[in-house]
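The sequence shown begins at 65 in the working numbering and counts up one residue at a time. Glycine residues also receive a C-beta, built at the ideal position from the N, C-alpha and C atoms. Here is the structure we will look at.
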Amino acid sequence: MATANQKVGLVLHVDDTLGESRRLDIEQAIEGEQGVSGAHFADRRPHLMVVEYDPQLTSSIKILERVNHQSVHAELIGPI
């Protein structure tokens, strides 16, 4: 279990094919969420998004919901 201020990583699979600017928009939207310290799509696998967050402030389900609210369909792959 994560302790106070401990960050954990999460991998999401985005089903949609997105251009670079759309991926950047989604990264910025997720990074704006409370508890999220970083979000980026993998360079060589643009369908995979890695998110670093504080589990004391948010959850993987909330992050997934936020990504899906960006008019894309995403699924949780798991922690890293």
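Check: Which residues DSSP lists as bridging PRO119, in chain order; Outcome: Answer is none; PRO119 lacks a bridge partner.
Check: Beta-carbon gap between ARG130 and ALA106 smaller than 8 Å; Outcome: no
Check: DSSP-derived helix/strand/coil call for LEU112; Outcome: strand
Check: C-beta contact flag for ILE125 and VAL75 at 8 Å; Outcome: no
Check: Any C-beta of chain C under 8 Å from that of GLN98; Outcome: No chain C is part of this structure, which consists of one protein chain only.
Check: Sequence-distant residues of the same chain with beta carbon closer than 6 Å to THR81, five excluded per side; Outcome: none
Check: 8 Å Cβ cutoff met for LEU121 and GLY99; Outcome: yes
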